[in-house]
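Undergrad: Residue numbers (the working numbering), protein chains in the order written: chain A, 2 to 323; chain B, -14 to 428.
Heads up, the beta-carbon is just placed ideally off N, CA and C, and yes, glycines get one too.
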């Protein structure tokens, strides 16, 4: 008799794989990547390439030679980390700093916890924060070489949030409170903050492909809008408003692409909502009262710590159990 | 709640029901229902007619088995079923096609339902009727709720939510009136509850046929409800939720919320047993598969005891690309390791799947995407049950309701890391159920 396959049910599969999900995330990041290359030119392309290649290479080396378990190497997931890390760096970052960031993100934050699915913190954000603390000067130098498209004469040395952090509302108003620019591109910043529209287009793709659900970003946006709305109404001469806070810095990249990371966000809807509210609260406290101009990274990392607790506290509703 | 949306692949939906010719020999299993195997009451050398009792129930939850053919009993002994487990089979060499007296083989619709409830139940039991939706639970037990429990709604399951299967679809198209009379009989037995026929929206012809038959027959308290296409819409608990908006409590029975669910095929079997004196010896199965030529797609009226290899031969042989052959649907069916196994009352399909379609991919690492939890129609968290199974945390498993798993396969189907979630869950579910049972015994 001919050979027959025998295995327990089910006998078919949705044919959705981890790799195809990661590829979808990469596709979703492409609009913002392309816009950032257009504005920041070759140096941005270089930093993206260095970061992605180092993340993939470092993961392969660790899996193959340190763990001696090649199956721990997931190139697509490492590439996503590499892309996100680069999108959090100024385009002028020296290449070796990106390599150090990749080493920390993949080597320390991801692989030392056991690799894919095991890490407590978002590798790209932890990598970025590690670099921010280690190389504060290079990490906040937003003077970019002109790219392929020029809409203003020059790209100055500070982000909108940086201007506000340094000089408060007065400095911001001296610039004319240029909110509209950040929809397309910031006066300065990293690839991940240059174009809110490009990022939202990518996020819409993720929603359509059912890669992520909208609850975490929505609860972050809602919290940020609420808190900054209250402060802005109370004292518009001191505090920035909701639109400003939603459209500047890492708000959209962080909310849509990093706080939604499967591994480091809660599994349940309500857990995700609390996670998002926590991020929104922390980021606004840092932006208004902290010593750093931007707080998305810290907010996400702090809330990452609560994910195991949130997973224990919140479960989805079961059939036939009140 | 939960569910997945595989391609429904109803390739044989246009194929009329054909009657399979008789094979030279049949092997009738004594274990073709849930519960205790039946006990043979014939001996080697006996001549049996079609419809003659050849085995009696082996316990309270058990069923009569009748001869599907006329001929001589050649042997009674162990034989492998489709999974390779030995079961007692009665081997009958076919001689002619002589039916028992009193069986009405005409197509004439008999509408008048017997008055006596006990007589109907007796006929259903004597006819060996079991649930044909998958579990093959003896029908007379389910239709006779324990004292104090009242049936409010009989739900007739015509969802056929498993991809590929079309046998229920075909009987709803070709025998709608008989199915509805069967339902009316069951309503009577249950004391006059209402009846809802649930059909998935992807079968508009069946919905139309059942509605037309219903208005022709004019039964009160009976309606056809169109349901969303979603697997497992036809799961007993899911169907009760969809039709009655009630949920059966964990560990409870449908009758606790006033529901009795029967498959449309069971309803047809009840009709034949009660109105035609014909015991359950035939059923309809689908022979199908992707890339299988149309000439080899069939819906067959088969008799129990027919070797699967014989049916595959009649249908045109095993297709080249068939790497796995399944008895039943692709989500809950059983992979066949022994083609010499024979049809039983509940056989619903012979499904060919190609290597590409069905070969399991190597398992990766959980990325905590939550797809399994989204897909679970019981609201369980398969990723968590998997982790708890790996560390053998039986208390944690019970707390997280592993015992509620209906083994529908949605978790494994949707896992992007190809982790065999259900394999793990089945294992721990068995253990936890064992613990719960022994604890209840001690009480």
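Looking at residue 223 (chain B): is its Cβ nearer than 8 Å to the Cβ of residue 139 (chain B)?
TA: Along the second chain, read from residue 1 onward, the residue named residue 223 (chain B) stands at position 238. Along the second chain, read from residue 1 onward, the residue named residue 139 (chain B) stands at position 154. No, the Cβ-Cβ distance between residue 223 (chain B) and residue 139 (chain B) is not below 8 Å.
Undergrad: For a contact meaning CB atoms closer than 7 Å, what does residue 220 (chain A) contact in chain B?
TA: Within the first chain, the letter at position 219 stands for residue 220 (chain A). Neighbours of residue 220 (chain A) in chain B, taken as residues whose beta carbon is under 7 Å from its own, are absent, since the nearest beta carbon is some 16 Å off.
Undergrad: Using a Cβ cut-off of 9 Å, which residues of the region 334 to 347 of chain B contact any Cβ in chain A, in chain order?
TA: 336, 338, 340, 342, 343, 344, 345, 346, 347
Undergrad: Tell me, which residues are paired with residue 248 (chain B) by DSSP?
TA: Counting from 1 along the second chain, the entry for residue 248 (chain B) is found at position 263. According to DSSP, which records beta bridges pairwise, residue 248 (chain B) is partnered with B:142.
Undergrad: How would you list, in chain order, the residues of chain B whose beta-carbon sits under 8 Å from the beta-carbon of residue 17 (chain A)?
TA: Counting from 1 along the first chain, the entry for residue 17 (chain A) is found at position 16. Near residue 17 (chain A) (Cβ distances below 8 Å), the residues of chain B are 356, 399, 401.
Undergrad: Once DSSP output is grouped into helix, strand and coil, what is the label at residue 15 (chain B)?
TA: Taking the second chain and counting its residues from 1, the one referred to as residue 15 (chain B) is at position 30. It is coil, neither helix nor strand.
Undergrad: With DSSP as the reference, identify every bridge partner of residue 208 (chain B), one or two as the case may be.
TA: The residue given as residue 208 (chain B) occupies position 223 in the second chain. Residue 208 (chain B) is bridged to B:181.
Undergrad: Could you round the C-beta distance between residue 281 (chain B) and residue 301 (chain B) to whole angstroms and report it? I think they count as a contact, below 8 Å.
TA: Along the second chain, one-based indexing puts residue 281 (chain B) at 296. Along the second chain, one-based indexing puts residue 301 (chain B) at 316. Their Cβ separation, rounded to whole angstroms, is 4 Å, which keeps residue 281 (chain B) and residue 301 (chain B) in contact under 8 Å.
Undergrad: Out of curiosity, what's the CA-to-CA distance linking residue 324 (chain A) and residue 78 (chain A)?
TA: This structure leaves residue 324 (chain A) out entirely; chain A is present only between 2 and 323.
Undergrad: For residue 301 (chain A), which residues in chain B fall below 9 Å Cβ to Cβ?
TA: The count along the first chain starts at 1 and reaches residue 301 (chain A) at position 300. In chain order: nothing, as chain B lies at least about 16 Å away.
Undergrad: Going residue by residue through the region 352 to 428 of chain B, where are the continuous alpha helix (DSSP H) segments of at least 4 residues, counting only ones entirely within it?
TA: Listed in chain order, they are 356 to 360, 367 to 375, 379 to 384, 395 to 399, 406 to 427.
Undergrad: Kindly indicate which three-state DSSP category residue 71 (chain B) falls into: helix, strand or coil?
TA: Within the second chain, numbered from 1, the residue matching residue 71 (chain B) stands at position 86. Strand, per DSSP.
Undergrad: Consider the Cβ of residue -7 (chain B): report whether some Cβ of chain A lies at a distance smaller than 8 Å.
TA: Your numbering for residue -7 (chain B) matches position 8 in the second chain. Output row for residue -7 (chain B): interface = no.
Undergrad: Just verifying my parser: in three-state terms, what is the DSSP assignment at residue 254 (chain A)?
TA: As a first step, residue 254 (chain A) must be located in the first chain, where it is residue number 253. Of the three classes helix, strand and coil, the one that applies to residue 254 (chain A) here is helix, per DSSP.
Undergrad: May I have a chain-ordered list of the alpha helix (DSSP H) segments no shorter than 4 residues that lie completely inside the region 187 to 265 of chain A?
TA: Fully enclosed alpha helix (DSSP H) runs of 4 or longer: 192 to 195, 197 to 209, 216 to 235, 243 to 248.
Undergrad: Among residues of its own chain, excluding the 5 on either side of residue 29 (chain A), which ones have a beta-carbon nearer than 6 Å to its beta-carbon?
TA: Here the question's residue 29 (chain A) lines up with position 28 in the first chain. Excluding residues within five positions, the ones whose Cβ falls inside 6 Å are 203, 206, 207.
Undergrad: Give the single residue among B:56, B:205, B:77, B:20 whose Cα lies nearest to the Cα of residue 47 (chain B).
TA: Looking up residue 47 (chain B) in the second chain gives position 62. Nearest option by C-alpha distance: B:20.
Undergrad: What are the uninterrupted segments assigned as alpha helix (DSSP H) that are 4 or more residues long and contained completely in the region 72 to 97 of chain A, given in chain order?
TA: 76 to 88
Undergrad: Does the beta-carbon distance from residue 466 (chain B) to residue 112 (chain B) come in below 8 Å?
TA: Outside the modelled stretch of chain B, which goes from -14 to 428, sits residue 466 (chain B), for which no answer is possible.
Undergrad: Pull up the distance between the alpha-carbon of residue 168 (chain A) and that of residue 240 (chain A), whole angstroms please.
TA: Reading the first chain from its first residue, position 167 is the one you call residue 168 (chain A). Reading the first chain from its first residue, position 239 is the one you call residue 240 (chain A). Cα to Cα, the separation comes out at about 12 Å.
Undergrad: If we define contact as Cβ-Cβ less than 8 Å, is residue 252 (chain A) a contact residue for chain B?
TA: What you label residue 252 (chain A) is simply residue 251 of the first chain in a count that begins at 1. No - not a single Cβ of chain B is within 8 Å of the one on residue 252 (chain A).
Undergrad: Let me check understanding here. Comparing Cα to Cα, which of B:158, B:144, B:295, B:162 lies closest to residue 221 (chain B)?
TA: As a working mapping, residue 221 (chain B) is identified with position 236 in the second chain. Considering only alpha carbons, the answer is B:144.
Undergrad: Nearest to residue 429 (chain B) by CA position, among B:317, B:331, B:310, is which residue?
TA: Residue 429 (chain B) falls outside the range modelled here, since chain B spans only -14 to 428, and no answer is possible.
Undergrad: I'd like the ranges of any alpha helix (DSSP H) spanning at least 4 consecutive residues and lying wholly in the region 226 to 283 of chain B.
TA: 249 to 260
Undergrad: Is residue 353 (chain B) close to chain A, meaning its C-beta is less than 8 Å from at least one C-beta of that chain?
TA: Translated into the one-based positions of the second chain, residue 353 (chain B) becomes position 368. Yes, residue 353 (chain B) counts as interfacial toward chain A.
Undergrad: Who are the Cβ neighbours of residue 102 (chain B) in its own chain at under 7 Å, not counting the five residues just before and after it?
TA: If you number the second chain from 1, residue 102 (chain B) lands on position 117. Answer for residue 102 (chain B): 173, 174, listed in chain order.
Undergrad: Can you tell me where the beta strand (DSSP E) holding residue 168 (chain B) begins and where it ends?
TA: Locating residue 168 (chain B) in the second chain gives position 183, counting from the first residue. From DSSP, residue 168 (chain B) is part of no beta strand (DSSP E) but of the alpha helix (DSSP H) over 161 to 174.
Undergrad: Could you work out which residue in A:313, A:196, A:23 is closest to residue 75 (chain A) when comparing CA atoms only?
TA: Stepping through the first chain from its first residue, residue 75 (chain A) is reached at position 74. Nearest option by C-alpha distance: A:23.
Undergrad: Just checking: is the beta-carbon of residue 322 (chain A) within a distance shorter than 8 Å of some beta-carbon in chain B?
TA: Working through the first chain from its first residue, we reach residue 322 (chain A) at position 321. Closer than 8 Å to some Cβ of chain B, the Cβ of residue 322 (chain A) qualifies, so yes.
Undergrad: Any beta carbon of chain B sitting closer than 8 Å to that of residue 65 (chain A)?
TA: Position 64 of the first chain, counted from the start, is the residue given in the question as residue 65 (chain A). Closer than 8 Å: no.
Undergrad: Reducing DSSP to helix, strand and coil, say where residue 154 (chain B) ends up.
TA: By 1-based counting over the second chain, the position of residue 154 (chain B) is 169. Three-state result, residue 154 (chain B): helix.
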